[in-house]
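Asker: Just add 442 to wherever you are in the sequence shown, counting from 1, and you've got the working numbering.
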Amino acid sequence: MRNLCCVAAVILLSATALCGQEYATLKGTVRDSLGDPVELANVALLGTREGTMTNTEGLYELKIPAGRSFTLVVSCVGYRTEQMAVRLQTGETQERDIRLSTDVRAIREVSVSARQERASTFQRIDLEELNYMPTTTGRVEAIIKSQPGVSSNNELSSQYSVRGGNFDENLVYVNDIEIYRPFLVRSGEQEGLSFVNSDLVSSVKFSAGGYDARYGDKMSSALDITYRRPQKFAGSSSISLLGAQAHVEGASYSRRFTYLAGYRYKTTSYLLNTLETTGDYRPQFSDLQTLLTYRFTRDLEVSFLGNYSSNKYRFVPRTRDTEFGTKDIPLNLRIYYEGQEVDRFDTYLGALSFRYTPMDELDLKFTASAFRTNEQETFDILGQYWINELDNTIGSETFGDSILNVGVGSLLTHARNYLDAVVVSGNHLGNYQVEGNRLQWGLSYQYQDFYDRISEWELIDSSGYAIPYLGDRIQLTDARKSQNNIAYGQYSGFIQNTREINGESADVFITTGLRATIWDFNRTRMISPRATISAQPYWERDMMFHISAGYYYQPPFYKEMRRPDGSINPEIKPQRSIHLLLGGDYIFTMWDRPFKLTGEAYYKWLDNLIPYKIENVRITYAGENLSKGYARGIDFKLNGEFVHGAESWMTLSLLQTREDLEGDVMTIFDGARYVRVLAGEFPRPADQFLTFGLYFQDYFPTNPGYKVHLNAFYGTGLPLSSPNEEQYYTEIRMRPYRRVDIGFSKVIIKEEDRMGERNPMRFFESVWISGEIFNLLGINNEASYLWVRTISDQSGIAGQFGVPNYLTGRRFNIRLSVNF
């Protein structure tokens, strides 16, 4: 035992001596040629794993093995790499300040990257406007809705249509990871939070069509979002009558580890109480997101993106009172309800990414992700209704009162719908950039598994008669019951190159790419060539022109495969769209302030289309490739500082989209009787001829801390889907969508303000309070129609009535926001 204790003591003393003598310390400051500190510079020992990064003050501290000679390498984007010999003795601490000179070639590469982005069909969204735009949905989506070619006729939903497409035709990426939303949502009241947390966003790029081959397998648009990489500890929080949200971010001293996390809570009961249906609205929506990044070396880093979202919606309706009809025949619908609706949508997302940069010109990324959703929609609601004609005689003692009952009945609706889905993906992205060329490629595999149980029906009883009336039995008006479990895979890959050619009269950018997809469900192969050519002439005026064309396939997802009766079509094919775009932009100065005018004309050939109907935000597909069609139009946007220091913009879009469905018929009166004829070409559900958007900012000249933000939108009426399940042709349109939201904000603390050491507000970088008025003009916009049927009436009026479901009314909101 004594010998063992001696040996242990000798080993412990030797190890202590070695630990105290093995390393030395090198520290100092990295500055640029002007003497300013350089943040995030890499300081490393060549050929070893030892390294660190400078902080916001340019300081670094590095432990290095003592008694050996090393080469110290100091590098940073935009600067020339410096190398120097270093050798320190045991326990020595040496200060060494380093000066980096500007790398002209690196600056030029950054400039070229910005020009390549301008030469593409993508536009970068200004993030400074996110905090101030008055909105009832997500802030990022609110700005996207205000872009040319984009429309949304429901302020309760974050979904949007692009150039005649529907909500399911839009791609959304966050950090190169495709994002999905719940599938069973049928109304904006149920929808809750979108995935994108604006507090975490670093950059937003959006394309309304003609996008590159790296963005795949949807027909309408691509939204590319990058979350922020923190540099120091910071955070924000806000609270309003619609909920609250907060986020924190930070980085370790060496900048190897960074974290970003955000929490949001939203409740829309305050808004829903303005709907014509009164009752107990209890929506509760929340989500938690995090982005963690760790940098092992200057060449290798790993990141994790995680999200959990819980959307709960409970509704106990009581009454509804809606006036509708025409000037000559004004009508009123009154409904008394029993029952309730309980819905829940829980989604999970996890993504692990590895990024390897073996050289400055080469970037490799590998990502594995999994998405899961558990959804349930359950309701049993009985509504007893009366339809009355109103007195429209001006001056009458009964003006506005009911004078004639034209229908009475009951409507019983039932649903027990459940869906469990899993989407697992693995992909690789590569990027190689050399002088004048940028080569990108990617490979991916996606596995999708859906298990649904659908059971819903509707029963109408009018004056004691079930509709349709069959005499000897009761038949449900609308019923579907199914159970499906489907699983399939999808392989895809792309390669594309962007080349810059500096000609004698213009700079030309040529992007060519090819995307290939194999859809396992029925072994369908898709080849999608795409190309964009842009030119910037050497003119005094700063103008750029582009032309873009390509094939865009959309393999059916779960909803597109399902027929109206709930069954799955095993022979379904991918839809296809061929894009042709011609556009340009012009950057100019007006009133000594910068402005930008953009315009783009497009034509899209559509075939193998799956017809669909829209009710609120629920899309019901035919489950068959039955039609072909087209979309054409032109978009304009003018943005700039209409008021000095405050960017505003206005957009104008013209659109026509049509489809021709095999075998679709319509009923016409030939002078003697009603006959059924082929419908021919008719408007698609997203056909909105004209849309105009305006976002305007202003402030008090003598006190710029007081600001006003106006968001206005006008869109002509959308086609109204036929209540006949088998008919897609329609000539009826809803009324135009008109909405104005306005916000007033007061900046209480600015970043430039300096607080005393005893002032408790010194911990905040900025504080502002805002008041918002939603639907300033109090316009009754229509979300959808309720079709009420009666078996008979007292005045010969048809036994079916379309009653508009109106959206929210005027509401005031107050919001307090802080950054720290």
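Glycine included, every Cβ here is placed at the ideal spot set by N, Cα and C.
Around the Cβ of M801, are there at least 16 other Cβ atoms within 10 angstroms (buried) or fewer (exposed)?
Answerer: exposed
Asker: Okay, do the segment 792-809 and the segment 732-743 touch, 3+ Cβ pairs below 8 Å being the bar?
Answerer: Taking a contact to require three or more Cβ pairs closer than 8 Å, the segment 792-809 and the segment 732-743 qualify as touching.
Asker: From which residue to which residue does the alpha helix (DSSP H) around A483 run?
Answerer: Here A483 belongs to no alpha helix (DSSP H), and DSSP marks it neither H nor E.
Asker: Nearest by alpha-carbon distance to I1174: which of S562, P1161, G1185 and R1180 is it?
Answerer: P1161
Asker: Hey, how far is the Cα of L1096 from the Cα of Q1130?
Answerer: 8 Å
Asker: Going by the beta-carbon positions, is the gap between L901 and L918 smaller than 8 Å?
Answerer: yes
Asker: Could you check what DSSP says for Q531 in three-state terms: helix, strand or coil?
Answerer: coil
Asker: Cutting at 6 Å between CB atoms, please list the residues of its own chain near D788, excluding the five before and the five after it.
Answerer: S752 and N816
Asker: Measuring CA to CA, which of E765, Y750 and V1260 is closest to F1206?
Answerer: V1260
Asker: Can you give me the C-alpha to C-alpha distance between D1235 and G849, rounded to a whole angstrom?
Answerer: Bear in mind that the predicted position of D1235 carries a pLDDT of just 47, short of 50, making it too unreliable to give a figure here.
Asker: Could you pull out every residue in the same chain whose Cβ sits closer than 6 Å to the Cβ of E765, ignoring the five residues on either side in sequence?
Answerer: N774
Asker: Using the Cα positions of D654 and G748, report the straight-line distance between them to the nearest angstrom.
Answerer: 27 Å
Asker: Can you find the residues in the same chain that come closer than 6 Å, C-beta to C-beta, to A1154, ignoring five residues on each side of it along the sequence?
Answerer: L1136 and V1182
Asker: What first and last residue would you give for the alpha helix (DSSP H) that runs through Y712?
Answerer: S711 to L714
Asker: What separation, rounded to the nearest whole angstrom, lies between the Cα atoms of G1238 and T966?
Answerer: Only weak support is given to the placement of G1238: the predicted model assigns it a pLDDT of 44, under 50, and the value that follows is read from those uncertain coordinates. Rounded to the nearest angstrom, the two C-alpha atoms are 54 Å apart.
Asker: Could you give the DSSP three-state label for D654: helix, strand or coil?
Answerer: coil
Asker: Would you give the residue range spanned by the alpha helix (DSSP H) that A584 belongs to?
Answerer: In the DSSP assignment, A584 falls within the alpha helix (DSSP H) that extends over R581 to K587.
Asker: Relative to the C-alpha of L861, which residue among R623, E1168 and T1172 is closest?
Answerer: R623
Asker: Beta-carbon separation of P590 and D894 under 8 Å?
Answerer: no
Asker: Can you tell me where the alpha helix (DSSP H) with K1001 in it begins and where it stops?
Answerer: Y1000 to M1003
Asker: Measure the C-alpha to C-alpha separation of G935 and K660 and round it to an integer number of angstroms.
Answerer: 15 Å
Asker: Taking the alpha-carbon positions, what's the L530 to E503 distance?
Answerer: 14 Å
Asker: Tell me, to the nearest whole angstrom, how far the beta carbon of F999 is from that of D610; I am working on the premise that it is less than 8 Å.
Answerer: About 7 Å separates the two Cβ atoms, so the contact holds.
Asker: Does DSSP classify R560 as helix, strand or coil?
Answerer: DSSP places R560 in helix when its eight states are reduced to three.
Asker: Check whether the segment 1030-1039 touches the segment 996-1010, counting contact only when three or more Cβ pairs, one atom from each stretch, lie closer than 8 Å.
Answerer: no
Asker: Could you give the distance in angstroms between the alpha-carbon of V865 and the alpha-carbon of E620?
Answerer: Answer to the nearest angstrom: the Cα atoms are 10 Å apart.
Asker: Can you look up F609 in the DSSP assignment and give me helix, strand or coil?
Answerer: helix
Asker: Could you give the DSSP three-state label for D641: helix, strand or coil?
Answerer: helix
Asker: Whose CA, out of Q536, F821 and G945, lies closest to the CA of K505?
Answerer: Q536
Asker: Check whether the Cβ atoms of T496 and L514 lie closer than 8 Å to each other.
Answerer: no
Asker: In the DSSP assignment, the alpha helix (DSSP H) including G1113 goes from what residue to what residue?
Answerer: Careful: G1113 lies outside any alpha helix (DSSP H) and carries neither H nor E.
Asker: Return yes when the Cβ of G1065 is within less than 8 Å of the Cβ of I1014, no when it is not.
Answerer: yes
Asker: If contact is defined by three or more beta carbon pairs under 8 Å, each pair taking one atom from either stretch, is the segment 1134-1148 in contact with the segment 1103-1118?
Answerer: no
Asker: If we require 3 or more residues per run, which beta strand (DSSP E) segments fall completely within the segment 924-1000?
Answerer: 948-961, 966-979 and 984-996
Asker: Where do the ends of the beta strand (DSSP E) carrying Q632 lie?
Answerer: No beta strand (DSSP E) holds Q632; the alpha helix (DSSP H) holding it covers G630 to E633.
Asker: So that I know if they touch, is there some Cβ in chain B lying closer than 8 Å to that of L1162?
Answerer: This model lacks chain B altogether; it includes just one protein chain.
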